[in-house]
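Chains as they are written, first to last, in my numbering: chain A, 65 to 391; chain B, 65 to 391. Quick reminder that beta carbons are idealized off the backbone N, C-alpha and C, glycines included. Here the structure is a predicted model, which means the values were calculated and not measured. Below: one structure, written as structure tokens.
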């Protein structure tokens with residue numbers, strides 16, 4: 065069965081930079097509180113960009129980096145918590161904007177909140193292993209800023225907007241591979257991160273309030289659950305790759321919060337210089353965070369072909385995932 | 065690589081029956097117009113059921129039919145256009161309600177509107193073929209009734225509510241299999257079926273109207289596109305299974321509309337008695353329609369182990385899918 069290679073990553077960043085100082089007053093806290101509590105000195109927030117605008121821009125960036133055309137993609141997966149519109153699903157709109165509207169190229173959307181990219185990578189690897197698809201686009205566009213609850217300074221300060229586009233292919237050279245991937249969900253934590261709008265609380269069925277459209281998080285309890293359950297999952301993923309943590313060249317975590325990343329990393333004994341952090345500049349960008357950090361590691365030259373990279377993250381659910389790749 | 069077997073299907077139907085006569089006045093048409101135009105004499109609409117209530121009831125039905133426990137499931141996929149709530153995704157809430165909240169059982173959601181079940185079947189088959197999962201729950205709960213636009217009598221009369229739960233396993237006896245599956249999307253038809261609420265048109269970003277939460281459809285143009293593009297996809301799926309249409313024992317279509325089903329079927333030369341129709345009783349139940357028709361075929365004894373069954377459907381996107389299974 066062919067291995068999997070991440071061929072290229074594209075990114076789109078809104079141009080509007082919002083600093084901790086810019087939002088401290090509206091969140092009712094100080095600039096120092098924001099930076100100490102979340103590690104987010106600044107983040108990007110959209111002005112009038114839509115998820116589709118952002119996904120398209122990131123995809124074009126990825127296509128240029130891979131030197132391929134949109135026609136070379138045989139599956140488009142939109143992996144995000146924030147759809148452009150509910151129907152049709154965003155993947156079809158992205159297909160049309162890429163000029164593939166008459167191509168028949170298969171598309172669908174997938175959602176596991178902050179782990180949507182990891183889930184899509186899992187699905188992509190199974191499709192590639194079975195030969196069903198050869199080149200898969202995983203696009204994630206996140207506008208977390210739209211759902212900020214200003215009465216919750218921790219989550220309000222945490223969220224940033226970003227889009228990423230990851231091109232995944234069968235590895236013909238036999239050098240790159242997905243060596244292991246584990247994803248686990250603990251529904252006992254389902255209320256810890258939530259946005260309640262949906263078909264149980266739908267404005268045409270029951271009265272809704274702006275709060276229903278906002279993201280709510282019990283940060284301390286998420287931290288406790290992750291601290292208890294996440295390190296063994298990471299260790300298991302590394303063991304499944306027939307490795308130890310010492311074999312990992314680089315750790316690319318979901319940028320949940322600086323404290324959460326440091327806590328998990330230190331409990332595993334991983335030193336700071338092997339961990340990619342960009343939450344200080346961009347905040348927690350939901351499903352785009354992890355591929356967005358991977359993007360930076362590639363662009364900066366920190367991640368080279370042949371390296372062993374550990375991807376790891378937590379998400380609403382509460383879900384946790386870890387994967388080991390030979391880059 | 066192991067084959068795939070649909071082990072059991074569960075269903076939940078809201079108890080509230082809504083006849084064509086009941087809704088003719090509010091849609092501004094006659095009972096006869098509704099039945100002639102859509103083929104839907106009656107449909108079920110929820111009263112206060114939520115997507116989670118419905119998905120849980122259908123899943124319990126499937127577990128009883130398969131004589132297994134929830135603990136025997138190793139992946140939960142919520143495949144639907146109507147989420148219970150936006151975050152966390154509905155699969156995690158279903159996991160918790162099934163008593164699996166501390167199990168770690170992997171879960172995620174997937175969405176390709178009416179084809180969500182077909183997409184999930186595609187993903188499930190790849191996971192089973194690679195040995196990554198052994199038993200997968202595909203749950204679809206649809207409350208299309210919440211988004212009905214009474215000024216559009218065709219789509220308003222078409223939609224019904226239903227939930228299904230399909231248990232997919234590796235086939236250890238070597239008798240059942242997924243022989244082929246094709247899914248294609250034509251984004252040129254993305255505006256033909258739409259519900260515009262989302263992050264491009266979000267109530268905390270821009271003023272929204274009730275119309276944004278309603279389903280809109282250009283029925284005649286969907287019909288034309290499907291008539292042109294869908295039959296060759298079905299023929300290709302059958303050919304990929306090394307079969308001809310004569311080898312198909314039973315056709316289980318997505319219950320898009322009676323006219324659409326009959327048109328495609330007749331253009332392929334498939335006689336009426338090989339086609340499962342239940343749109344007259346339940347309407348178009350989005351992603352639950354196709355597995356809901358499959359449920360009836362199994363319950364009625366029309367579909368027996370060893371039979372060859374063709375699943376086929378269209379969805380917003382515009383997307384089209386066809387699959388051949390040895391049941």
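On the criterion of 16 or more Cβ atoms from any shown chain inside 10 Å, does residue i qualify as buried, or is it exposed?
{"i": "residue 115 of chain A", "result": "buried"}
{"i": "residue 92 of chain B", "result": "exposed"}
{"i": "residue 284 of chain B", "result": "exposed"}
{"i": "residue 135 of chain A", "result": "exposed"}
{"i": "residue 70 of chain B", "result": "buried"}
{"i": "residue 258 of chain A", "result": "buried"}
{"i": "residue 275 of chain B", "result": "exposed"}
{"i": "residue 107 of chain B", "result": "buried"}
{"i": "residue 369 of chain B", "result": "exposed"}
{"i": "residue 237 of chain B", "result": "exposed"}
{"i": "residue 96 of chain A", "result": "exposed"}
{"i": "residue 291 of chain B", "result": "exposed"}
{"i": "residue 265 of chain A", "result": "buried"}
{"i": "residue 128 of chain A", "result": "exposed"}
{"i": "residue 180 of chain A", "result": "buried"}
{"i": "residue 308 of chain A", "result": "exposed"}
{"i": "residue 186 of chain B", "result": "buried"}
Using a Cβ-Cβ distance cut-off of 9 Å, determine whether residue i contacts chain A.
{"i": "residue 187 of chain B", "result": "yes"}
{"i": "residue 220 of chain B", "result": "no"}
{"i": "residue 347 of chain B", "result": "no"}
{"i": "residue 308 of chain B", "result": "no"}
{"i": "residue 354 of chain B", "result": "no"}
{"i": "residue 321 of chain B", "result": "no"}
{"i": "residue 107 of chain B", "result": "no"}
{"i": "residue 74 of chain B", "result": "no"}
{"i": "residue 376 of chain B", "result": "no"}
So which of the options has the shortest CA-CA distance to residue i?
{"i": "residue 176 of chain A", "options": "A:248, A:276, A:196, A:322", "result": "A:248"}
{"i": "residue 317 of chain A", "options": "A:336, A:208, A:166, A:303", "result": "A:336"}
{"i": "residue 205 of chain A", "options": "A:306, A:319, A:351", "result": "A:351"}
{"i": "residue 199 of chain A", "options": "A:164, A:207, A:188", "result": "A:188"}
{"i": "residue 313 of chain B", "options": "B:182, B:373, B:322", "result": "B:373"}
{"i": "residue 303 of chain A", "options": "A:262, A:388, A:356, A:233", "result": "A:388"}
{"i": "residue 208 of chain B", "options": "B:202, B:131, B:237, B:281", "result": "B:281"}
{"i": "residue 321 of chain B", "options": "B:218, B:81, B:121", "result": "B:218"}
{"i": "residue 215 of chain A", "options": "A:90, A:378, A:377, A:72", "result": "A:90"}
{"i": "residue 166 of chain A", "options": "B:300, B:384, B:236", "result": "B:384"}
{"i": "residue 103 of chain A", "options": "A:323, A:381, A:357", "result": "A:323"}
{"i": "residue 197 of chain B", "options": "B:125, B:235, B:221", "result": "B:235"}
{"i": "residue 82 of chain B", "options": "B:174, B:105, B:185, B:354", "result": "B:105"}
{"i": "residue 213 of chain B", "options": "B:279, B:172, B:287, B:270", "result": "B:279"}
{"i": "residue 270 of chain B", "options": "A:371, A:309, A:211, A:185", "result": "A:211"}
{"i": "residue 355 of chain B", "options": "B:68, B:72, B:67", "result": "B:72"}
{"i": "residue 260 of chain A", "options": "B:185, B:154, B:171", "result": "B:154"}
{"i": "residue 203 of chain A", "options": "A:171, A:142, A:191", "result": "A:142"}
{"i": "residue 345 of chain B", "options": "B:353, B:294, B:286", "result": "B:353"}
{"i": "residue 147 of chain B", "options": "B:172, B:334, B:193", "result": "B:172"}
For residue i, which residues does DSSP report across the bridge?
{"i": "residue 248 of chain B", "result": "B:384"}
{"i": "residue 203 of chain A", "result": "A:142, A:229"}
{"i": "residue 106 of chain B", "result": "B:83"}
{"i": "residue 76 of chain A", "result": "A:227"}
{"i": "residue 8 of chain B", "result": "Residue 8 of chain B falls outside the range modelled here, since chain B spans only 65 to 391, and no answer is possible."}
{"i": "residue 235 of chain A", "result": "A:67"}
{"i": "residue 317 of chain A", "result": "A:376"}
{"i": "residue 257 of chain A", "result": "A:281"}
{"i": "residue 172 of chain A", "result": "A:141"}
Please decide whether residue i counts as near chain B, where near means a Cβ-Cβ distance under 9 Å.
{"i": "residue 92 of chain A", "result": "no"}
{"i": "residue 78 of chain A", "result": "no"}
{"i": "residue 153 of chain A", "result": "yes"}
{"i": "residue 359 of chain A", "result": "no"}
{"i": "residue 274 of chain A", "result": "yes"}
{"i": "residue 215 of chain A", "result": "no"}
{"i": "residue 172 of chain A", "result": "yes"}
{"i": "residue 329 of chain A", "result": "no"}
{"i": "residue 227 of chain A", "result": "no"}
{"i": "residue 271 of chain A", "result": "no"}
{"i": "residue 294 of chain A", "result": "no"}
Does the stretch 360–374 of chain A come into contact with the stretch 70–89 of chain B, if we say contact requires no fewer than three beta-carbon pairs (one atom in each stretch) closer than 8 Å?
no
Does the stretch 158–171 of chain A touch the stretch 340–356 of chain A, meaning 3 or more C-beta pairs lie closer than 8 Å?
no
So does the stretch 107–114 of chain A actually touch the stretch 223–236 of chain A, counting three or more Cβ pairs closer than 8 Å?
yes
Counting Cβ pairs, one atom from each stretch, are 3 or more of them under 8 Å apart for the stretch 76–83 of chain A and the stretch 240–247 of chain A?
no
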